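Structure first, commentary second.
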Amino acid sequence: MNRGAILVTGGAGYIGSHTCKALAANGYTPVVFDNMSGGHPWAVQWGPLEYGDCRDYEALVRVIRQYKPVAVMHFAAFIAAGESVADPGKYYGNNVGGMITLLSAMRDTGLDKIVFSSTAAIFSTDSMDPIGEDRAQSPSNPYGASKAMCEELLRGFAAAHGIRSVALRYFNAAGADPDGELGEAHEPETHLIPLILEVAAGKRQEILIFGDDYPTPDGTCIRDYIHICDLAEAHILSLGFLNGSDGAGANAFNLGNGSGFSVMEVVEAARSLTGHPVPARIVERRAGDPPVLICDARRARKTLGWRPQHPNLTTQIEHAWSWMTRA
Ligand code: UFG
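Heads up: the sequence shown begins at 3 in this note's numbering, then just goes up one per residue.
Right under this line is the structure:
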């Protein structure tokens, strides 16, 4: 069954590439549009790769006219919350600028459906209460603020131009393709689980723990880790939702498992799994880190029918470990 092309910006990256694999498995042709600033050619395996930047209106219009996609999935963005505090212009310029250009190209070519990579970083809390969609937005860093602005743009383009959208607010993406075809490969790596596993693999001496004086039981930050393939599946479900009668306007879903793990607990889980002592050292807090982010995903479960398949943190770490230690 050929269900048509999907324009996937940032499809050569971690979440984008896993979603391309899921798109192909569901009968779509992913057309990757990527400037390769963080992506990898090896991650583009299920459709064509068009080299381009989301701030390049002409390039976007040309690719849309060539492939006639039925919808867009917009992953392309800078993602390091800590870096965004030091260089906010980089984050607002690329993330918000790319969104405005992409939505303008969609409006001008009559392309009216988009699934957008948003983030839990639009929220901030020190409470263990799971965060639902209606929680007030209060980004702790320019990265989260740039994504909140993109959601605002989606609302504006829905009202003015009838563009239907789903913003998926990922909590902390983790794990790797269980078939071993894809995995996480950021350069430089800033994320907790791959950094811990680099220590276990002997590529790094120790893991630095950014602060143990947060208002949490062990003093380290708490996050809700969600398997990359479960995120990919939510994108497929979102396409079906956008095609249905409820899919008009600008919609949003929070995606996580509803369980929080502290940085210390993640280190401990990786020690148990790998059998490596993983030396850890407490250092200063990293600027822009919210203390706690735990997801209430009831809306995605009810409305999209989303059912995470790999909610277990150890399974997520195990898949990331298999990827890192692959032959
Ligand atoms: N951490 C450390 N040491 C490290 C790296 C991270 O202690 O070397 C801590 C961080 O301070 C934070 C936690 O581990 O408390 C998770 O940090 P990550 O960098 O892995 O992830 P973030 O929570 O900062 O951000 C990630 C994504 C964002 C997304 C967010 C949503 O990078 O894109 O999750 O929760 F928005």
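For each residue, glycine too, the CB sits at the ideal point set by N, CA and C. Remember, predicted model here, so these are calculated numbers, not experimental data.
At a cut-off of 7 Å, the beta-carbon of residue 181 does not count as near the ligand UFG: no heavy atom of the ligand is closer than that. Check the Cα spacing between residue 237 and each of 129, 77, 128: the tightest is with 77. Relative to the ligand UFG, the nearest heavy atom lies less than 7 Å away from the CB of residue 223. At the C-beta level, residue 65 and residue 49 stay beyond 8 Å of one another. Considered as a whole, the segment 194-273 harbours 194-202, 230-245 as its complete alpha helix (DSSP H) runs of no fewer than 4 residues, in chain order.
Cα atoms of residue 186 and residue 249: separation of roughly 31 Å, rounded to the nearest angstrom.
In this structure, DSSP gives residue 283 an extended state, which the three-state scheme calls strand. Following the DSSP letters along the chain, one finds residue 7 inside the beta strand (DSSP E) bounded by residues 7-11.
Judged by beta-carbon spacing, residue 167 lies within the 8 Å limit of residue 156, meaning their Cβ atoms are closer than that value.
Where residue 117 is concerned, the enclosing beta strand (DSSP E) starts and stops at 115-121.
The three-state reading of DSSP puts residue 299 in coil, since its state is none of H, G, I, E or B. Excluding its 5 nearest sequence neighbours in each direction, residue 273 has C-beta neighbours in its own chain below 7 Å: 279, 280, listed in chain order. Looking only at 209, 183, 163, the smallest Cα-Cα distance to residue 113 is reached by 163. Set against 7 Å, the gap from the CB of residue 81 to the closest heavy atom of the ligand UFG is smaller. Between residue 175 and residue 102 the beta-carbon gap is near 25 Å, outside 8 Å, which marks them as no contact.
Per the Cβ contact rule, the segment 218-228 is not in contact with the segment 6-14 (fewer than 3 Cβ pairs under 8 Å). The segment 31-51 and the segment 106-122 do not touch, with fewer than three beta-carbon pairs separated by less than 8 Å.
The three-state reading of DSSP puts residue 144 in helix, counting H, G and I together. Note that the C-beta distance between residue 83 and residue 215 is not below 8 Å. Just so you know, the alpha carbons of residue 85 and residue 60 end up roughly 29 Å apart.
C-alpha of residue 225 to C-alpha of residue 197: approximately 16 Å in a straight line. Note on residue 150: 16 or more other CB atoms within 10 angstroms of its CB, so buried under the neighbour-count rule. When only Cα atoms are considered, residue 120 and residue 153 end up about 8 Å apart. Residue burial is scored here from C-beta neighbours: residue 266 has at least 16 other C-beta atoms within 10 angstroms and is therefore classed as buried.
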